[in-house]
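Q:
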Amino acid sequence: MSKINGDKSRYNRIRKQNAAKRMRNRALLKNEIAHAKAAGSSSAKKTVVA
100 MSKINGDKSR
110 YNRIRKQNAA
120 KRMRNRALLK
130 NEIAHAKAAG
140 SSSAKKTVVA
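Sequential numbering from 100 applies to the sequence shown in the numbering used here.
(1) How many angstroms separate the CA atom of Asn130 from the CA atom of Ala138?
(2) Can you name the start and end residues of the alpha helix (DSSP H) that Ile103 belongs to?
(3) What separation, rounded to the nearest whole angstrom, lies between the Cα atoms of Arg123 and Arg109?
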């Protein structure tokens, strides 16, 4: 670790990983909601887990 930059490299790597994880989770949730709507309203209540 350099004196000037500190943990900047590790911080940016983890920040990018967290952003990618959020994007994957949002896409997954969006996909699940779309499938639930296509299947009907009764099955939509079964697929949503709190």
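In this text, a Cβ means the ideal position worked out from N, Cα and C, and glycines have one as well.
A: The relevant details are as follows:
(1) Translated into the one-based positions of the sequence shown, residue 130 becomes position 31. Translated into the one-based positions of the sequence shown, residue 138 becomes position 39. About 12 angstroms.
(2) Residue mapping note: residue 103 aligns to position 4 of the sequence shown, counting from 1. Per DSSP, Ile103 belongs to no alpha helix (DSSP H) and is neither H nor E.
(3) Locating residue 123 in the sequence shown gives position 24, where the first residue counts as 1. Locating residue 109 in the sequence shown gives position 10, where the first residue counts as 1. Straight through space, the alpha carbons of Arg109 and Arg123 are spaced by roughly 21 angstroms.
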